[in-house]
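Residue numbers (the working numbering), protein chains in the order written: chain D, 2 to 170; chain E, 2 to 170.
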């Protein structure tokens, strides 16, 4: 499969995909979040090859999303845990799960229910505004160039819109 | 790159990745959302090969996320627009963008600012509870097996936790 790095793209979605866009990566984060911390358990739950899981875990550790913790010295054994960045990625997964529950519902209905401790209710994750708390939908939101906008790949369209880059660039 | 279908996995994250997990797919959704509706414009903005873009757009159309609309008859020409499912995916992208802004900030800072029409403020997308409206974080949420939970790949861990599947399954 063709693979081009998104590293040069001035876009935080592209930068995020650079870290978590690989096949399996988000499912590994899901499994660790659900309490699977050992290599064998993750491999078995996902039905993923050991080689592939090794590579994906290395990427996640290098990307600061997962950390290895020794739980035994002789022989050395490690567990995998989410870092703070990894923990903050989980709500994004919950939002993706809600989208999947609605638009690509697995047979039998949603496989997972979520309960919110704060209010005690079963809930649907929803993307909201940090300022007013109301839902943020495409009809409700305008994207404008930010401080890191550039005319490089990925943000030309926004840069043009604001006059940062000429039409022909 | 190894590619195993997630189609059999009882998990709405896996099912979502089956539709939108391919390289570039989410960036194509982003570009269409930002107003690029023509093949050449998307190809140029992303710096993606025409072959690859053709395949990804076909996947997105087949998955019900993007639709082709004729805008000219002779010769036939089409534009690409987001379907309702595609539009509802955009807030998930906004949440991923916010994660990227914080954890993998592109040089110069966040490339995009978002303004919420509802309140008029620049905001950070946040994943919240549909019932109480407060943020949903890993510390705040418990995942339980839903109606579609099964002992198949991907949800064994949750099924076990609730006694739906034996430890050895």
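Heads up, the beta-carbon is just placed ideally off N, CA and C, and yes, glycines get one too.
Looking at the DSSP output, residue 90 of chain E sits in no beta bridge, so it has no partner there. Residue 85 of chain E counts as exposed, since fewer than 16 other C-beta atoms from the protein chains shown sit within 10 angstroms of its C-beta. Residues of the segment 50 to 63 of chain D with a C-beta atom less than 9 Å from some C-beta of chain E are 50, 52, 53, listed in chain order. Secondary structure of residue 79 of chain D (DSSP, three-state): strand. Between the alpha carbons of residue 11 of chain E and residue 66 of chain D lies a gap of roughly 24 Å.
Close CB contacts of residue 77 of chain D within its chain, under the 8 Å cut and outside five residues either way in sequence, are with 71 (chain order). For residue 117 of chain D, the enclosing beta strand (DSSP E) covers residues 113 to 117. Counting along the chain, no alpha helix (DSSP H) covers residue 39 of chain E, and no H or E run does either. Residue 144 of chain E carries a strand assignment under DSSP once its states are collapsed to helix, strand and coil.
Between residue 146 of chain E and residue 18 of chain D, the alpha-carbon positions lie close to 28 Å from each other. By the neighbour-count criterion, in which 16 or more other beta carbons inside 10 Å mark a residue as buried, residue 26 of chain D falls on the buried side.
In chain order, 99 place their CB closer than 7 Å to the CB of residue 125 of chain D, counting only its own chain and leaving out the 5 sequence neighbours on each side. Secondary structure note for residue 128 of chain D: its beta strand (DSSP E) is the uninterrupted segment 126 to 130.
In the structure shown, residue 67 of chain E adopts extended strand secondary structure according to DSSP, grouped into three states.
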